[in-house]
Amino acid sequence: GVGNAAHAWLLQELLHYLQHDNSGCQGFQNMGPSWVQVRNGIDAETLCPGDARAVDVIESWERLVRQ
Numbered sequence: 267g268v269g270n271a272a273h274a275w276l277l278q279e280l281l282h283y284l285q286h287d288n289s290g291c292q293g294f295q296n297m298g299p300s301w302v303q304v305r306n307g308i309d310a311e312t313l314c315p316g317d318a319r320a321v322d323v324i325e326s327w328e329r330l331v332r333q
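To convert, count from 1 in the sequence shown and add 266; that's the numbering used here.
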């Protein structure tokens, strides 16, 4: 936790603002259900070209970039 009461209040206000729809910070929630499998496939060097899961992740990334 935050030891200083004023800092704790300020942090709470910042979080409240960032969570509000008008802040514009809540539009992107995650990379989609395929992200972990794609990430692991990249790490293991087993991800194949044209993998449909990779396409899902790319589409999620494009949605993030367009926001």
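Built from N, CA and C at the ideal position, the CB exists for glycine as well.
| Check | Outcome |
| --- | --- |
| Can L280 and V268 be called in contact, C-beta distance under 8 angstroms? | no |
| Taking all protein chains shown into account, do 16 or more other C-beta atoms lie within 10 angstroms of the C-beta of V304, making it buried, or fewer, making it exposed? | buried |
| Which one of Y283, N306, W301 has the shortest CA to CA distance from W327? | W301 |
| Less than 7 angstroms between C-beta atoms, sequence neighbours within five positions excluded: which residues of the same chain meet that for A284? | A quick correction: the sequence has Leu, not Ala, at residue 284. Same-chain partners within the cutoff: C291. |
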